[in-house]
Structures are given as structure tokens and as C-alpha cells.
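Just so you know, the sequence shown maps onto residues 5 to 156 in this note's numbering.
All residues carry an ideal CB built from backbone N, CA and C; glycine is no exception.
A quick note: this is a predicted structure, and the numbers were derived from the prediction, not measured.
Let me begin by presenting the structure, written as C-alpha cells, before commenting on it.
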Amino acid sequence: MVLFPDSKELLELFLARDVRFLIVGGHALAAHGIPRGTDDFDLWVWADHGNALRITDALNIFGFGGVGLTPADLEAPDRIIQLGTRPCRIDLLTSITGVEFDDAWESRVEILLDGLIVPVISRTHLVINKWTTGRPQDLVDLMKLVRQAQRE
């Protein structure tokens, strides 16, 4: 899978600064072998003060220093910070439904994505998230994940 240049650049900045994040959403689904169209790139970030400092540092270099984002914005649960516009939009999520970051981090999988080794939410935690979120697209994704697991 090839990323939009901005998405790849932000991943490089995060990786260089040891930012704790997980790829979730449609790109995580594709990483687990179920590609589907998506018009954003979802990154779940650990809502910890030190991590938030590293993220804001990366965002300053990335060109979003002028938007007024503070570490406190990244430490609060249930936040979605949207960077850019679709189809290249990057969403930073401080929490997702049904899963705790520490648990997901411990069971993450690492994949090669456009030349980078990146952390992705595990299939198990992706299933839990899709189930507990329950939106129509999430339920379609969930059924595809279940069918895939049955074939394995």
C-alpha cells in the first residue's frame, strides 16, 4: 500500500520521535488483508503527557504549529484532531470505542507500509472496536473480519 506523501511524512516524524500510536480504521483493515476505500488516515495516539509533547513537536515540524494545538488537547479522551482535507486528511484519535490503548499497544502488529515499519491495531482489538462502535460501515467491516478468520 502506498500512502499519500503527507501521511508518510507524519509517520516518519512520529517514528523518529518515538510517538506511541496505532494505525486504526480503514488502513488497519487493509493491513489485516481486507482492503477498502477510505478518505482519511486514522492514527490512535496514546493520551499521555510525554507522548503529547512528542506529537506536538512532530506537528510543529509537519507545518501545523500555527493551529494552536497543545499537549493538553492530545491528553483528553474522546478527541479527534483532523489535519488537512479529504482524501488526504489525517485524523488523530485520543481514544477509540471498546479498547484501551495500553492493551492494544501490547498486542499490536508491526507491518511494512510504504517503506516504514509501523504499528497497527491487532485484529482482535480491531474486531472489538468495530463491534462496539456499531456504525453501519463498522458492522460491514466486522463481518469481513469474521469471514476472513473463518477461512484461516
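Hey, L130 and A32 are a contact pair by Cβ (cut 8 Å); roughly how many whole angstroms apart? The residue given as residue 130 occupies position 126 in the sequence shown. The residue given as residue 32 occupies position 28 in the sequence shown. Contact holds; Cβ gap of about 6 Å.
By Cβ distance below 7 Å, which residues in the same chain neighbour N55 in space, the five residues on each side in sequence not counted? Sequence index remark: in the sequence shown, residue 55 carries index 51 (1-based). These residues qualify, in order along the chain: V23, R24 and V49.
Comparing C-alpha positions only, which one of D106, E79 and Q86 sits nearest to T98? Your numbering for residue 98 matches position 94 in the sequence shown. With distances taken between Cα atoms, T98 lies closest to E79.
Status (buried if at least 16 other CB within 10 Å, exposed otherwise) for S126: Taking the sequence shown and counting its residues from 1, one reaches residue 126 at position 122. Buried, since its Cβ has 16 or more Cβ neighbours within 10 Å.
Simplified DSSP state of D82, which is helix, strand or coil: The residue labelled residue 82 in the question sits at position 78 within the sequence shown. Coil, per DSSP.
State buried or exposed for D43, treating a residue as buried only when at least 16 other CB atoms are found within 10 Å of its CB. Sequence index remark: in the sequence shown, residue 43 carries index 39 (1-based). Burial call: exposed.
Does H36 pass the burial test, meaning 16 or more other C-beta atoms within 10 Å, or should it be called exposed? Here residue 36 refers to the residue found at position 32 of the sequence shown. Result: buried.
Are the stretch 68–77 and the stretch 102–118 touching, with three or more C-beta to C-beta distances below 8 Å? no
Do P123 and E110 have their CB atoms nearer than 9 Å? As a working mapping, residue 123 is identified with position 119 in the sequence shown. As a working mapping, residue 110 is identified with position 106 in the sequence shown. Taking 9 Å as the Cβ cut-off, P123 and E110 do not qualify as a contacting pair.
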